[in-house]
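Residue numbers (this note's numbering), protein chains in the order written: chain B, 220 to 445; chain S, 168 to 395.
Listed below in structure tokens is the structure:
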């Protein structure tokens with residue numbers, strides 16, 4: 220694209236959805252600027268203007284035009300900067316469909332259930348936990364062996380979408396609430412996550428685990444041990 | 168281009184989306200009618216993760232999830248004569264995908280919620296929420312014949328359930344969400360959409376849709392916790 224491309228991301232450091240977009244920009248070597256939002260209580264006028272439907276981050280602003288919803292943003296980035304590798308999506312329609320299918324599954328089965336588990340109590344929290352375990356078991360079968368990444372040999376859409384959630388998982392190691400997500404129960408996923416975090420793009424973007432922990436601790440969001 | 172099969176049920180609007188997409192592209196296909204109360208081995212093998220319809224099988228390869236299938240159809244059948252479902256420009260494509268997700272996630276859920284809710288404050292609130300959701304679509308269609316412009320596109324196909332299935336839900340839920348007074352543009356769009364070929368060739372009989380939805384609504388209502 221043109222040398223004077225302006226790429227801005229409305230961000231919140233803790234949002235795993237925003238991390239997806241940042242990882243994609245880093246992987247493709249696209250220059251961007253971050254505008255940090257003060258969430259959840261102090262959303263900027265710009266955010267409310269550019270994402271009136273959801274009022275959420277991430278929002279990508281490319282030459283003044285806003286794009287919202289992380290999965291939509293990732294496909295946009297892949298299409299506009301299709302001359303920059305890696306390609307987030309494969310080139311043939313069938314494999315693209317598979318990638319989109321799994322991206323949708325990760326969003327709905329893994330993320331939605333993880334958020335339910337982290338943010339609710341009682342029966343709803345149990346539901347979230349059950350859904351999360353089911354989803355992780357399915358993803359465990361999709362990677363490993365000769366598949367270094369979900370897309371195969373190279374990082375792709377599904378990897379970028381799933382990896383930010385792993386920094387959240389670390390927090391709960393301190394409270395034992397997430398002991399069901401372990402290397403023993405999900406060896407392929409843990410090996411995959413390690414491989415991802417060895418990449419500069421991912422290690423730069425994933426918030427330091429200690430910072431995540433302190434944030435939750437400050438806001439009293441860590442549950443006490445059962 | 169290879170053999171095309173669609174596993175589906177006619178009452179299901181996600182399945183209708185696929186028929187519309189295939190017909191617009193002029194693709195011949197075989198419809199494999201599925202009995203959802205007795206799922207076939209083929210469905211379970213082709214969509215082991217969700218075991219749901221629709222599933223497109225092309226050259227033996229299965230693709231599931233209606234929005235994913237629509238993009239696959241658009242990418243696979245794209246010679247010069249084929250009508251493009253998604254816009255060409257990446258920004259316009261991003262907008263189409265954004266609104267498609269909004270329709271499939273927010274609209275469907277809020278409309279369903281408004282129908283299922285029983286009388287009282289809960290229902291009022293649910294109806295208000297559904298109207299608010301739909302108001303975003305009214306803004307999007309204003310000044311346009313179709314979401315895709317002059318011709319039906321991807322977003323029209325995704326929103327298509329609003330032009331027919333919605334009225335069945337409104338009847339069962341005893342509510343009115345889209346009418347000419349409240350949403351004139353969306354209402355007009357719905358009439359244009361449902362009366363255009365090939366859309367109107369894939370509409371199931373109303374009594375089948377009624378039966379399909381009322382089963383679901385009764386089930387959900389029966390599962391709701393009793394309120395003191």
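No residue lacks a Cβ here, since even glycine has one placed at the ideal position from N, Cα and C.
Please report the residue range of the alpha helix (DSSP H) in which residue i lies.
i	result
residue 175 (chain S)	Residue 175 (chain S) -> not in any alpha helix (DSSP H); beta strand (DSSP E) instead, spanning 171–175.
residue 283 (chain S)	275–283
residue 377 (chain B)	376–381
residue 209 (chain S)	208–213
residue 431 (chain B)	428–437
residue 231 (chain S)	Run containing residue 231 (chain S): none in the alpha helix (DSSP H); it sits in the beta strand (DSSP E), 228–231.
residue 191 (chain S)	180–191
residue 303 (chain S)	288–308
residue 242 (chain B)	235–246
residue 222 (chain S)	First-last for residue 222 (chain S): 222–225, but that is the beta strand (DSSP E), not the alpha helix (DSSP H).
residue 419 (chain B)	419–424
residue 412 (chain B)	406–416
residue 261 (chain S)	257–269
Just the chain B side, please: which residues come within less than 7 Å of residue i by C-beta, in chain order?
i	result
residue 216 (chain S)	324 and 357
residue 257 (chain S)	295, 298 and 299
residue 264 (chain S)	291 and 294
Residues of chain S with CB closer than 8 Å to the CB of residue i, please, in chain order.
i	result
residue 366 (chain B)	Under the 8 Å cutoff, chain S gives no residues; its nearest Cβ is about 17 Å from residue 366 (chain B).
residue 315 (chain B)	238, 239 and 242
According to DSSP, what are the bridge partners of residue i?
i	result
residue 230 (chain B)	B:255
residue 371 (chain B)	B:368
residue 363 (chain B)	B:366
residue 261 (chain B)	B:257
Could you confirm whether any beta carbon from chain D is found closer than 8 Å to the beta carbon of residue i?
i	result
residue 298 (chain B)	Reference to chain D is not applicable here, since the protein chains of this structure are B and S.
Give me the chain S residues within the contact set of residue i, using Cβ-Cβ distance strictly less than 7 Å, ordered along the chain.
i	result
residue 286 (chain B)	261
residue 432 (chain B)	Residues of chain S passing the Cβ test: none, with the nearest at roughly 31 Å.
residue 272 (chain B)	269 and 303
residue 312 (chain B)	239, 242 and 243
For a test of your reading of the model: does the CB of residue i fall under 7 Å from any non-hydrogen atom of the ligand SAH? Yes or no.
i	result
residue 266 (chain B)	The ligand SAH is not among the ligands present in this structure, which contains no ligands whatsoever.
Where do the ends of the beta strand (DSSP E) carrying residue i lie?
i	result
residue 199 (chain S)	197–200
residue 302 (chain B)	Counting along the chain, residue 302 (chain B) falls outside any beta strand (DSSP E), and DSSP gives it neither H nor E.
residue 279 (chain B)	278–281
Whose Cβ in chain S lies nearer than 9 Å to the Cβ of residue i?
i	result
residue 276 (chain B)	Residues of chain S passing the Cβ test: none, with the nearest at roughly 15 Å.
residue 320 (chain B)	216, 230, 231, 232 and 235
Taking Cβ-Cβ distances shorter than 8 Å, what residues in chain B pair up with residue i?
i	result
residue 249 (chain S)	Residues of chain B passing the Cβ test: none, with the nearest at roughly 13 Å.
**OP:** Can you check the segment 313–381 of chain S for any alpha helix (DSSP H) of at least 4 residues that lies completely inside it and give the ranges in chain order?
**Re:** DSSP assignment within the segment 313–381 of chain S yields the following whole alpha helix (DSSP H) runs of 4 residues or more, N-terminal first: 321–326, 332–340 and 351–361.
Original post:
Should the segment 363–373 of chain B be regarded as contacting the segment 397–413 of chain B, the criterion being three or more beta carbon pairs within less than 8 Å?
Top reply: Three or more pairs of CB atoms, one per stretch, sit closer than 8 Å, so the segment 363–373 of chain B contacts the segment 397–413 of chain B.
**OP:** Could you tell me whether the segment 430–440 of chain B touches the segment 202–217 of chain S, using the rule of 3 or more Cβ pairs below 8 Å?
**Re:** Because the criterion of three Cβ pairs below 8 Å is not met, the segment 430–440 of chain B and the segment 202–217 of chain S do not touch.
Original post:
Of all the alpha helix (DSSP H) runs that stay within the bounds of the segment 285–353 of chain B, which reach a length of 4 or more residues?
Top reply: Listed in chain order, they are 289–299, 312–324 and 331–338.
Original post:
Is it true that the segment 222–235 of chain B meets the segment 275–289 of chain B, where meeting means three or more beta-carbon pairs spaced less than 8 Å apart?
Top reply: Touching, per the Cβ criterion.
**OP:** Count the C-beta pairs between the segment 327–336 of chain S and the segment 355–371 of chain S that are closer than 8 Å, then say yes if the count reaches three, no if not.
**Re:** Because the criterion of three Cβ pairs below 8 Å is met, the segment 327–336 of chain S and the segment 355–371 of chain S touch.
**OP:** Decide if the segment 371–382 of chain B is in contact with the segment 235–252 of chain B; the criterion is three or more beta carbon pairs, one per stretch, under 8 Å apart.
**Re:** Below 8 Å, enough C-beta pairs join the segment 371–382 of chain B and the segment 235–252 of chain B to call them touching: three or more.
Original post:
Would the segment 321–335 of chain B and the segment 346–359 of chain B be scored as touching if the rule is three or more Cβ pairs under 8 Å?
Top reply: The segment 321–335 of chain B vs the segment 346–359 of chain B: in contact.
Original post:
Would the segment 420–429 of chain B and the segment 240–259 of chain B be scored as touching if the rule is three or more Cβ pairs under 8 Å?
Top reply: The segment 420–429 of chain B makes contact with the segment 240–259 of chain B; the number of CB pairs closer than 8 Å reaches 3 or more.
Original post:
Three or more beta-carbon pairs under 8 Å between the segment 377–391 of chain S and the segment 304–320 of chain S, yes or no?
Top reply: No, the segment 377–391 of chain S does not touch the segment 304–320 of chain S.
Original post:
Hey, is the segment 289–303 of chain B in contact with the segment 249–269 of chain S, meaning 3+ C-beta pairs nearer than 8 Å?
Top reply: Yes, they touch.
**OP:** Kindly confirm or deny that the segment 265–278 of chain B and the segment 332–346 of chain B touch, where touching means at least three C-beta pairs closer than 8 Å.
**Re:** Taking a contact to require three or more Cβ pairs closer than 8 Å, the segment 265–278 of chain B and the segment 332–346 of chain B do not qualify as touching.
Subject >> Validate contact between the segment 305–312 of chain S and the segment 275–286 of chain S using beta carbons, cut 8 Å, 3 pairs >> reply: Counting Cβ pairs under 8 Å, fewer than three are found: no touch.
Original post:
Counting Cβ pairs closer than 8 Å, one from the segment 206–221 of chain S and one from the segment 244–257 of chain S, do we hit at least three?
Top reply: These segments do not touch.
Original post:
Is the number of C-beta pairs between the segment 227–241 of chain S and the segment 307–324 of chain B that are closer than 8 Å three or more?
Top reply: The segment 227–241 of chain S is in contact with the segment 307–324 of chain B.
**OP:** Would you check if the segment 367–376 of chain S and the segment 211–229 of chain S touch, i.e. whether three or more CB-CB distances between them fall below 8 Å?
**Re:** No, because fewer than three Cβ pairs between the segment 211–229 of chain S and the segment 367–376 of chain S fall closer than 8 Å, the two stretches do not touch.
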